Amino acid sequence: MALGQLGQPELVLATRTSTPAGITPENFEDACDQSLARGIAARTLRQFDLANANLSVALFLSHALEMTYREQLIRIELGQLLTTQGRPDPEMLEETMSMPVQTSARRRAYGMYALAEACMAVGDYQKAMNLLAAPSGPHPDLWAFAAAVLGLEQLRDADVQAGIYTDLAYAIWALRDGTEVELPTISPNSPEAEYGTLLQAAALMRVRSMSRHARRKLEAPLNLTPDQRVWQLMGRIHAAALAERDDDVLRLGSH
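Under the numbering used here, the letters of the sequence shown match residues 5 to 259, in that order.
Following this line, the structure appears as structure tokens:
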């Protein structure tokens with residue numbers, strides 16, 4: 005768990021797995037912690053099958069041991085896994101956050117962040133913004149990104165603290181304004197990586213000669229959420245038009 009907090013998921017998965025030393029509640033709680041740590045690490049590295057297996061074991065053990073507070077955390081992690089896989093389930097996360105458990109402010113902020121990402125993934129950017137409680141909330145960068153996607157001009161100059169979604173929000177406004185788009189290198193394992201790839205492709209398409217390169221980016225294997233699949237399809241149609249190719253738009257839509 006400490007290695008995970010230090011941002012070293014590879015080392016977490018490299019540690020030797022162990023079976024419970026006995027059948028006491030304490031032994032099973034240790035096994036729950038181990039499975040949770042390995043599940044989070046595997047999700048971070050996008051090893052989805054391994055992540056699902058470990059988080060499912062952790063969820064079973066926490067429920068069996070009636071550790072409701074731990075169970076809520078594991079369900080949030082499972083919700084984030086589903087979103088990263090492109091299978092967001094906002095309803096499950098809403099149910100999780102309404103569990104009858106005394107939730108800390110930190111846990112609630114974390115849960116609302118996971119829920120907001122899931123709402124964005126199904127295209128409900130307005131609900132995501134509402135959940136994040138304006139730029140003064142705990143995740144202003146995600147709030148700013150949702151506002152940029154919605155094109156809310158009155159909110160574009162809000163003073164928000166920098167975060168992982170801040171540069172993506174600036175990129176969206178730059179695309180809208182026709183100014184230079186600057187995107188940092190985004191870790192391929194991060195949940196916002198696909199948004200970055202799609203925005204990079206959109207920036208390339210502002211120069212007709214780069215449309216083929218943009219299309220290659222859009223055709224590369226991407227682990228897309230439902231909203232990102234819409235962005236991808238729109239980009240591919242636009243790139244095809246720029247390249248003056250005879251692609252069948254209906255065929256593109258079938259994918």
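Glycine included, every Cβ here is placed at the ideal spot set by N, Cα and C. No experiment lies behind these values; they were computed from the predicted model shown.
Pick from the options: whose alpha carbon is nearest that of residue i?
| i | options | result |
| --- | --- | --- |
| A296 | E121, W147 and Q204 | The structure shown does not extend to residue 296, since the chain is modelled only from 5 to 259, so the question has no answer here. |
| A68 | E33, Q51 and L97 | E33 |
| T170 | Y73, A152, Y117 and E81 | A152 |
| P24 | L82, D37 and D53 | D37 |
| P188 | Y174, D181 and G182 | Y174 |
| E157 | L202, E184 and R180 | R180 |
| L228 | E196, A207 and I241 | E196 |
Cβ of residue i less than 9 Å from any chain B Cβ?
| i | result |
| --- | --- |
| S191 | You won't find chain B in this structure, because it holds only one protein chain. |
Skipping 5 residues on each side, what residues in its chain have a beta carbon closer than 6 Å to that of residue i?
| i | result |
| --- | --- |
| L254 | Since pLDDT at L254 reaches only 48, below the 50 mark, its modelled position is unreliable, and the value read off the structure follows with that caveat. There are no such residues. |
| Y199 | L172 |
| P144 | V164 and Q165 |
| H259 | The predicted position of H259 is uncertain, since its pLDDT is 47 and thus under 50; no value can be drawn from it. |
| E121 | T87 |
| E14 | none |
Here's a check: name, in chain order, each residue in its chain whose Cβ is nearer than 7 Å to the Cβ of residue i, leaving out the five neighbours to either side.
| i | result |
| --- | --- |
| V2 | Here the chain has residues from 5 to 259 only, and residue 2 is not among them. |
| G257 | Caution is warranted here: a pLDDT of 48 is assigned to G257, below 50, making its placement in the model unreliable, and no coordinate value can be reported. |
| N58 | S39, R42, G43 and A46 |
| L205 | For the sequence presented, residue 205 should be read as Ala rather than Leu. Around A205: A218, K221, L222 and G239. |
| P225 | none |
| L246 | M209, R212 and S215 |
| S191 | A197 |
Roughly how far, in whole angstroms, is the beta-carbon of residue i from the beta-carbon of residue j, given that I think they are within contact range, below 8 Å?
| i | j | result |
| --- | --- | --- |
| A125 | T87 | 5 Å |
| A118 | I80 | 5 Å |
| V105 | Q84 | With 8 Å as the limit, V105 and Q84 do not qualify as a contact, their Cβ atoms being about 18 Å apart. |
| P94 | A113 | The pair is not a contact, with the Cβ atoms about 17 Å apart (cut-off 8 Å). |
Near residue i, what residues of its chain come up, given a Cβ to Cβ distance below 8 Å and the 5 sequence neighbours on each side ignored?
| i | result |
| --- | --- |
| E52 | As written in the sequence, residue 52 is Phe, which differs from the Glu given in the question. Closer than 8 Å at Cβ, skipping near neighbours: A46, L85, T88 and Q89. |
| R91 | none |
At 4 residues or longer, and completely inside the segment 86-122: list those alpha helix (DSSP H) runs for me, N to C.
94-101
Along the chain, which unbroken stretches of the beta strand (DSSP E) at least 3 residues long are found entirely within the segment 209-245?
none
What are the complete alpha helix (DSSP H) segments, minimum 4 residues, inside the segment 170-208?
170-181 and 197-208
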